[in-house]
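Before any comments, here is the structure.
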Amino acid sequence: MKKLCLIALVSACAQTDSSDALTSGMYAQLGATSTGGDTTSVHATLFFGNPINLNFVNLTGDDELMATHGGQDKVMIESELLNIVSHRAEFVGDNEEGAEFEIAFLRTVDAGAPLSIATLPAKFAIDAPPTTSSRAAALTVTWSPSGTADQMTWTAKGECIEDAQGSVPGDPGTVSVLANALVKRQGVVADTCGVNFELTRARAGVLDTHYGKGGIISGQQVRSVTFSSTP
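Per the numbering used here, the sequence shown starts with residue 30, numbered consecutively.
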């Protein structure tokens with residue numbers, strides 16, 4: 030069964046029941062994310078075929094996604110928004126570097142994908158930036174500890190700016206967003222707004238090879254700060 034929908038009024042997406050698809054025809058987007066509190070969120074999205082087609086897999090029959098950590102198994106809860114299907118489980122406690130979270134796709138129609146592993150990287154903290162930052166000037170954000178071999182990326186989002194993002198090679202503990210790199214959003218009247226600046230430290234995980242179309246999996250530590258963006 031397929032159901033067509035619109036994402037952001039432009040991009041068409043579809044949905045396929047898992048009973049109509051073999052694991053060899055699926056792509057998996059998996060991960061475990063800690064935002065610094067006591068909870069780690071394990072998340073999974075399955076696509077039928079190439080993910081660029083936005084054909085999401087809806088679990089049916091006896092198919093299920095199971096998350097495991099510290100000897101505790103949790104069936105991942107499915108949610109759907111505008112035909113986008115995702116699955117999630119929450120674990121309270123261990124979110125230190127090296128904490129492993131297993132994600133198993135369990136089914137009887139074929140072997141499924143019983144063992145994918147997301148491993149958390151080291152925690153870090155962001156130093157508070159100025160409460161106000163002009164888009165005409167460079168913005169510097171720092172964090173510690175640093176110097177890991179894991180990937181660092183940043184995003185900046187706010188109602189008055191275009192979404193921005195970038196990578197930070199080498200995890201140096203500092204990133205400078207160039208002057209005028211944050212651009213006022215077209216069609217927006219307000220010149221000033223709150224901006225959420227998010228830093229992510231990600232470590233590649235181990236994806237079960239039964240996903241025939243491949244996929245991605247990572248453990249992530251995510252931290253964010255807010256400031257007021259001005260012209």
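Ideal placement from N, C-alpha and C gives every residue a C-beta, glycine not left out.
>> Can you tell me which residues form a DSSP beta bridge with Val86?
In response: Thr45
> Could you check where the beta strand (DSSP E) with Ser253 kicks off and where it finishes?
Replying inline: Gly244 to Thr259
>> Whole angstroms are fine: how far does the CA of Asn82 sit from the CA of Leu33?
In response: Unreliable positioning characterises Leu33 in this predicted model, as indicated by a pLDDT of 44, which lies under 50. The coordinate reading is nonetheless provided below. Spanning the two alpha carbons is a distance of roughly 12 angstroms.
>> Please state the DSSP three-state secondary structure of Thr221.
In response: coil
> Which residues share a DSSP beta bridge with Val102?
Replying inline: Position check: residue 102 holds Asp in this sequence, whereas Val was assumed. Answer by DSSP bridge pairing, in chain order: Thr97.
> Based on Cα-Cα distance, which residue from Ser175, Lys152 and Ile146 lies nearest to Thr64?
Replying inline: Shortest Cα-Cα distance from Thr64 to any of Ser175, Lys152 and Ile146 involves Lys152.
>> Extract the residue ranges of the beta strand (DSSP E) inside the segment 189-235, only unbroken runs of 3 or more that lie entirely within it.
In response: 190-196, 203-206 and 222-233
> Would a C-beta distance cut-off of 8 angstroms place Phe134 and Leu94 closer than the cut-off?
Replying inline: Yes, the Cβ-Cβ distance between Phe134 and Leu94 is below 8 angstroms.
> What three-state label does DSSP hand Ser53 in the structure shown?
Replying inline: helix
>> Considering just the uninterrupted stretch of the beta strand (DSSP E) at Pro143, what are its terminal residues?
In response: Ala142 to Thr148
> Which residues in the same chain as Ile190 place their Cβ atom closer than 8 angstroms to its Cβ, once the five residues preceding and following it in sequence are excluded?
Replying inline: If we look at Ile190 and ignore the five residues flanking it on each side, its Cβ neighbours are Arg164, Leu211, Val212, Lys213, Arg214, Cys222, Val224 and Ser258.
> Which residue's Cα is closest to the Cα of Pro260: Met55, Ala128 and Leu168?
Replying inline: Taking only the C-alpha atoms, the option nearest Pro260 is Leu168.
> When we look at the beta-carbon of Gln249 and count the other beta-carbons within 10 Å, is it buried (16 or more) or exposed?
Replying inline: buried
>> Which same chain residues end up closer than 8 angstroms to Thr89 when comparing Cβ atoms and leaving out the 5 residues on each side of it in sequence?
In response: Asp46, Ser47 and Ser48
> Distance, Cα to Cα, Thr203 vs Ala233?
Replying inline: 22 angstroms
>> Assuming His239 is part of the beta strand (DSSP E), what are its boundary residues?
In response: Segment: none, His239 is in no beta strand (DSSP E) and carries neither H nor E.
>> Counting only beta-carbon separations shorter than 8 angstroms, does Ser63 have a partner in chain D?
In response: Going by chain labels, chain D is absent from the structure shown, which holds only one protein chain.
> Which whole-angstrom value is the C-beta distance of Met105 and Leu75, which I expect to be below 8 angstroms?
Replying inline: The Cβ separation is near 11 angstroms, so there is no contact.
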